[in-house]
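When we follow my numbering, the leftmost residue of the sequence shown carries the number 48, and every step to the right adds one. Structure first, commentary second.
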Amino acid sequence: MIGPLVSSIPLVGFIPMIETSNEIQPAHPAATIVLVRDGEQGLEVLLVQRNKALKHMGGMWVFPGGRVDEEDRITDGDDLQAALHAAVRETQEEAGLNIRIDQLVTMSHWTTPEGARRRYSTWFFLAALSDGQEVTVDGGEISHHQWFSPQEAFAAIADDDNPFKLTPPTFISLMDIANYRDSGEAEEALRPREPLIFAPRMVFVDGGICFLYAGDAGYETVDIDLAGSRHRTYMIDDQLEYVRSS
Numbered sequence: 048m049i050g051p052l053v054s055s056i057p058l059v060g061f062i063p064m065i066e067t068s069n070e071i072q073p074a075h076p077a078a079t080i081v082l083v084r085d086g087e088q089g090l091e092v093l094l095v096q097r098n099k100a101l102k103h104m105g106g107m108w109v110f111p112g113g114r115v116d117e118e119d120r121i122t123d124g125d126d127l128q129a130a131l132h133a134a135v136r137e138t139q140e141e142a143g144l145n146i147r148i149d150q151l152v153t154m155s156h157w158t159t160p161e162g163a164r165r166r167y168s169t170w171f172f173l174a175a176l177s178d179g180q181e182v183t184v185d186g187g188e189i190s191h192h193q194w195f196s197p198q199e200a201f202a203a204i205a206d207d208d209n210p211f212k213l214t215p216p217t218f219i220s221l222m223d224i225a226n227y228r229d230s231g232e233a234e235e236a237l238r239p240r241e242p243l244i245f246a247p248r249m250v251f252v253d254g255g256i257c258f259l260y261a262g263d264a265g266y267e268t269v270d271i272d273l274a275g276s277r278h279r280t281y282m283i284d285d286q287l288e289y290v291r292s293s
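Here it is in structure tokens:
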């Protein structure tokens, strides 16, 4: 379960449109690593900014990560093991940090909804950084980095004048760890937990898109008006709102 139940959390500054396709595109295996450390005020997480010149998600703040390459497939047919290797490799390439596979804690799995032009099957991993390594971004695909407490990230999103942008998976992952006091507590809580599975279903609504997640009353029928529980994200008129209620 992700944090406390909430009625809605409005966000601003999200990308106003998603590239779509009339054909169902394959979901490429990928990996993302949620790096945390203990700051002066508590838990902090590393976010890196994609170069604004990039066509895909340019300017977005994300966790280090990327597609699984053939070199990551140490064991044939094992996508999870390949994702673990990809997470370690991408973290070194994008942030200059050396992380071991045994440090990784599986948090969640996200599949980009059908209808999107670029689709990924992405494992999200948590890793605690406690050895004082310094982040070094490549200055190409990744232009900037910053350590945030989840609360600082939420405040930046809520500021209309701040260009800070997150995707729904990044934001929901931040929610997942926001209530832990430090990296040790987060790791202890998440390591024995079954990974959270998100396979959003995309519904076009007036002014934007609604992403339905498992647990939403309308998930199976893709009926956003069906009465019952809510577990969804709205992306409307350059604003993002996550809604979750029983």
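Backbone N, C-alpha and C fix where the C-beta goes; we use that ideal spot for every residue, glycine too. Fair warning: this is a prediction, and the values are worked out from it, not measured in the lab.
Three-state secondary structure (DSSP) of residue i
i, result
"leucine 176", "coil"
"glutamine 88", "coil"
"isoleucine 146", "coil"
"alanine 274", "coil"
"isoleucine 80", "strand"
"methionine 222", "helix"
"glycine 124", "coil"
"leucine 237", "helix"
"methionine 48", "Because the pLDDT at methionine 48 is just 46, under 50, the model does not fix this residue reliably, and the value given afterwards should be weighed accordingly. In this structure, methionine 48 counts as coil in the three-state DSSP scheme."
"valine 135", "helix"
"isoleucine 56", "Bear in mind that a pLDDT of 42 at isoleucine 56, under 50, signals an unreliable position, so the number given afterwards is only what the model happens to contain. Residue state, collapsed to three classes: strand."
"phenylalanine 195", "strand"
From the options, residue whose alpha carbon lies closest to that of residue i
i, options, result
"proline 247", "Val184, Glu87 and Thr159", "Thr159"
"alanine 200", "Phe211, Ser190, His192 and His191", "Phe211"
"glycine 262", "Gly255, Gly254, Arg291 and Ile283", "Arg291"
"arginine 164", "Glu70, Gly265, Val152 and Glu117", "Glu70"
"leucine 237", "Leu259, Gln150 and Ile204", "Gln150"
"histidine 192", "Asp119, Gln72, Asp270 and Gln96", "Gln96"
"aspartate 223", "Ala205, Phe171 and Leu259", "Phe171"
"glycine 187", "Ala274, Glu141 and Trp194", "Glu141"
"histidine 75", "Asp185, Glu161, Asp270 and Ile256", "Glu161"
"valine 182", "Ile148, Thr268, Asp206 and Gly143", "Gly143"
"phenylalanine 258", "Glu288, Ile148, Pro242 and Glu118", "Glu288"
Residues bridged to residue i (per DSSP)
i, result
"tyrosine 281", "Cys257 and Glu288"
"arginine 248", "Leu259"
"arginine 97", "Ile189"
"leucine 213", "Paired residues: none, contrary to the question."
"serine 293", "In DSSP, serine 293 forms no bridge with anything."
"serine 168", "Pro76 and Thr158"
"arginine 114", "Ala77"
"threonine 268", "Answer is none; threonine 268 lacks a bridge partner."
"threonine 153", "Phe172"
"valine 109", "Val95"
"alanine 311", "The structure shown does not extend to residue 311, since the chain is modelled only from 48 through 293, so no value can be given for it."
Interface flag, residue i vs chain C, CB-CB below 8 Å
i, result
"arginine 228", "Checking the listed chains, one finds no chain C in this structure; it contains a single protein chain."
C-beta contact flag for residue i and residue j at 8 Å
i, j, result
"proline 215", "threonine 280", "yes"
"leucine 90", "tyrosine 227", "yes"
"phenylalanine 218", "tryptophan 157", "no"
"arginine 120", "alanine 129", "yes"
"serine 230", "aspartate 116", "no"
"serine 220", "asparagine 98", "no"
"alanine 225", "proline 197", "yes"
"arginine 166", "proline 242", "no"
Inter-residue spacing [alpha-carbon to alpha-carbon] between residue i and residue j
i, j, result
"alanine 174", "valine 81", "6 Å"
"glutamate 137", "serine 155", "18 Å"
"phenylalanine 110", "aspartate 253", "30 Å"
"isoleucine 146", "glycine 106", "25 Å"
"glutamine 139", "threonine 153", "18 Å"
"phenylalanine 276", "glycine 112", "A quick correction: the sequence has serine, not phenylalanine, at residue 276. Taking the straight line joining both Cα atoms gives about 32 Å."
"proline 239", "tryptophan 194", "26 Å"
"leucine 273", "valine 250", "13 Å"
"serine 293", "isoleucine 283", "23 Å"
"tyrosine 260", "tyrosine 266", "6 Å"
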